[in-house]
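Undergrad:
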Amino acid sequence: MVRTGEYEGIQGGTFGAGISAQSAGAERLCLHRLVMPAGTRGRPHLHEGHESAIFIQSGQVEVWHGEGLAEHVVLGAGDYIHIPADTPHMPVNSGSEDMVCVVARTDPEEQEGVQLLDLPAWLESRLGLLVVGVG
């Protein structure tokens, strides 16, 4: 049994530290809760060699993904998304309420496989002044 703590992900957002190598001795997965405040975005990133499955518990999030972050999907409460290994992606909460989701990943270390990427200029101008959701 693990009682959650919190940490700031290098990719943005506040994670509820759930199941991981550190908390439970997991060898092939992690399971965390992510809160992304309204009006914030994550940093463009990928998870090297690891896939993710995400369930949106509440709120809404846009996910820019794929090569050059050219693809876009909007998810709401009750939606799921699968992010294949090594796929660039970036969550954006341009809504008026916090987004809360549950994230499962095939990386028990969770943060070690995160590779930050550059935000394409065309997307930066489209997103305007949204704050990166860290800290």
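Numbering-wise, the sequence shown is residues 1 to 135 according to the UniProt record's numbering.
Where a beta carbon is used, it is the ideal one built from N, C-alpha and C, also for glycine.
What you are looking at is a predicted structure, and each value in this text was computed from that prediction instead of being measured.
Tell me the rounded alpha-carbon separation between GLN91 and LEU116.
TA: In the sequence shown, counting from the first residue as 1, residue 91 sits at position 91. In the sequence shown, counting from the first residue as 1, residue 116 sits at position 116. Contrary to the premise, residue 91 reads as Pro rather than Gln in this sequence. Their Cα atoms are separated by approximately 13 Å.
Undergrad: Measure the beta-carbon distance from GLY59 to GLU97 and round it to whole angstroms, keeping in mind my assumption that it falls under 8 Å.
TA: Working through the sequence shown from its first residue, we reach residue 59 at position 59. Working through the sequence shown from its first residue, we reach residue 97 at position 97. Confirmed, about 5 Å.
Undergrad: GLY76 by DSSP, collapsed to three states: which one?
TA: Translated into the one-based positions of the sequence shown, residue 76 becomes position 76. It is a strand residue.
Undergrad: Which two residues bound the contiguous beta strand (DSSP E) that contains residue 222?
TA: Given that the chain is displayed from residue 1 to residue 135, the structure contains no residue 222 and the question cannot be resolved.
Undergrad: From MET99, ASP118, ALA121, GLU124, pick the residue whose C-alpha is nearest to that of PHE55; which is it?
TA: The residue labelled residue 55 in the question sits at position 55 within the sequence shown. Nearest option by C-alpha distance: MET99.
Undergrad: Just how far apart, CA to CA, sit MET1 and VAL35?
TA: In the sequence shown, the residue the question calls residue 1 occupies position 1. In the sequence shown, the residue the question calls residue 35 occupies position 35. Near 21 Å, if we compare the C-alpha coordinates of VAL35 and MET1.
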